[in-house]
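>
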Amino acid sequence: MDEASRRRVETVGVLLEGYGSLSVSQLLRPLSSDFRHKVLPQSLGMPSRDRASFVKHATGIFGVFDKFKMDPQSIIDGGPGGTMVVHALMQGVLKNGAGDWKNECIMLIQLSPDGTQVVQVTEFVDSAKAIEMSQKHAPDDFGCENRVQERGREETTSNQKPKTLLYGLCLAQVVVVLVVLRLIQTM
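Given below as structure tokens:
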């Protein structure tokens, strides 16, 4: 692994450790001043966030966990363009005895040209788990539009089958991106 690739992988490692620290200040260390965060699929209706709104979001999410870990299953270095792809398991323990949390995501991480800062993170998440988090655990400003108040309880507003199809299509797109990045690496 050359120096530039090592630096990119190290920056991604710092980001993942930041998530696992449950410390917003540690999570912010590798983020650029113009950082952007986006959650897909779009059907979740979660807003794109700048650095300031991401701080608020992370603070709320970190507040529901006693423990949390982002366990990378694979990291693909897209090369000098600075795009990294991470498949990670997200495991945690929810506060107030709410149980264990297990999920996974694909993260497309855009780094600065020198590979030392995270400029953008686009997360492909499990729609069902995102809605579950929104309904049962997350703070009010979690941002998932697929919930409504009904007799004090939150429920999804649409049929799950279209979301499952959309999730499958998004996952297929991620697989295509991973294959393309792997092909680029082998060139």
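Mapping the sequence shown onto this note's numbering, position 33 (from 1) lands on 25, and the numbers just tick up by one. Beta carbons are placed, not taken as given, at the ideal position from N, Cα and C, and that holds for glycine. A quick note: this is a predicted structure, and the numbers were derived from the prediction, not measured.
Could you tell me the alpha carbon to alpha carbon distance between Phe54 and Ala120, rounded to whole angstroms?
20 Å
> Below 8 Å, can you find three or more Cβ-Cβ pairs linking the region 35 to 48 to the region -5 to 14?
Contact between the region 35 to 48 and the region -5 to 14 is absent, because fewer than three Cβ pairs lie under 8 Å.
> Over what stretch of residues does the beta strand (DSSP E) that includes Thr75 continue unbroken?
Its beta strand (DSSP E) spans residues 75 to 86.
> If the criterion is Cβ atoms closer than 9 Å, does the pair Leu100 and Thr114 meet it?
yes
> Looking at the secondary structure, which residues open and close the alpha helix (DSSP H) in which Thr108 lies?
Careful: Thr108 lies outside any alpha helix (DSSP H) and carries neither H nor E.
> According to DSSP, simplified to helix, strand and coil, what is Arg41?
Residue state, collapsed to three classes: strand.
> Between the Cα of Leu20 and the Cα atoms of Val117, Thr108, Ile123, which residue gives the shortest distance?
Thr108
> Go ahead and pull the three-state DSSP assignment for Arg28.
strand
> What whole-angstrom Cβ distance do Met76 and Asn95 have, given they're in contact under 8 Å?
Incorrect: roughly 20 Å between the Cβ atoms, too far for contact.
> Can you tell me the Cβ-Cβ gap for Val85 and Pro64, rounded? I've got them flagged as a contact below 8 Å.
Taking a contact as a CB-CB distance under 8 Å, the pair Val85 and Pro64 does not count as one, their CB atoms being some 19 Å apart.
> Just reading off the alpha helix (DSSP H) that Gly89 is part of, what are its end residues?
Counting along the chain, Gly89 falls outside any alpha helix (DSSP H), and DSSP gives it neither H nor E.
> Does Ser66 come out as helix, strand or coil in the three-state DSSP assignment?
strand
> If Phe60 sits next to Gly12, beta carbons under 8 Å apart, how far is it from one beta carbon to the other, in whole angstroms?
6 Å
> Where Glu9 and Pro39 are concerned, what is the direct C-alpha to C-alpha distance, given to the nearest angstrom?
24 Å
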